[in-house]
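Q: Here my numbering = 1-based position in the sequence shown + 9.
Below: one structure in structure tokens.
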Amino acid sequence: MPDTALDAFADRYVAVWNEPDPGARRKAVERLWADDALQVLQPPQTMREAAEKVGMRDVVLEARGHDALEFRVRTAYEEFVAPGEAEFRVHGDVQRLHDVVRFSWAYVPRADGEPQGGGLQVLLLAADGRIATDYQFIGL
């Protein structure tokens, strides 16, 4: 994948989290992720701390398949983007090594444009170029 295609891929990934139209969002999920794709999310720090209090140290959240991924994207959109005050953006360089793509993203308020959070995506691509496994680490 040339650099411009790689940047466009990361932009499409981030754009799905900002997409207001449910039909367009579902189609974007199907185009980006393989049918049985898995997203593994490192929970936010507060969730990890709560889990540690009850003896769970290696807590991860998972979503598998288009229905679960669409639900995950939709709920993130509703919580973070739909109110109209902020959006997700690619933050920095996009890199690829064989079938692994890595980039950072930021949660950016529209008022001042300064990132208020973000994370790291590490994507393992399937043979067809869609995402097979999506690792998301919260925190910039």
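The beta carbon of each residue, even a glycine, is placed where N, CA and C say it ideally should be.
Could you check if A95 is buried or exposed, using at least 16 other CB atoms within 10 Å of its CB as the buried criterion?
A: Buried, since its Cβ has 16 or more Cβ neighbours within 10 Å.
Q: The beta strand (DSSP E) with A115 in it runs from where to where?
A: V109 to P118 is the extent of the beta strand (DSSP E) around A115.
Q: For A19, count the other beta carbons within 10 Å of its own beta carbon; 16 or more makes it buried, fewer makes it exposed. Which is it?
A: Buried, by the Cβ-count rule.
Q: So N23 and R98 are supposed to be a Cβ contact under 8 Å. How far apart are they, rounded?
A: The displayed chain sequence assigns Val, not Asn, to residue 23. V23 to R98, Cβ: 6 Å. Contact.
Q: Using DSSP's beta-bridge definition, name the partner residues of G126.
A: G126 pairs with Y116.
Q: Would R151 be called buried (16 or more neighbouring beta carbons within 10 Å of its own) or exposed?
A: Nothing can be reported for residue 151: it is not among the residues displayed for the chain, which extend from 10 to 149.
Q: Considering E71, what are the terminal residues of the beta strand (DSSP E) in which it resides?
A: Run containing E71: L70 to R73, per the beta strand (DSSP E) assignment.
Q: From W42 to R119, what does the alpha carbon distance come to, in whole angstroms?
A: Between W42 and R119, the C-alpha separation is close to 28 Å.
Q: Please identify the residue among E28, K62 and W114 whose C-alpha is closest to the C-alpha of E88.
A: Among E28, K62 and W114, the Cα nearest to that of E88 is on E28.
Q: For P52, collect the residues of the same chain with a Cβ closer than 8 Å to its Cβ; drop the 5 residues on either side in sequence, then sort them by chain order.
A: So the list reads A60, V68, V69, L70 and I147, once near-sequence residues are dropped.
Q: Let's see if you can read the secondary structure: which residues bound the beta strand (DSSP E) around E96?
A: Unbroken beta strand (DSSP E) run through E96: A95 to L106.
Q: So, under 8 Å CB-CB, V117 and Q130 are touching, yes? Tell me the CB distance rounded to an integer number of Å.
A: With a Cβ gap of about 16 Å, V117 and Q130 do not count as contacting.
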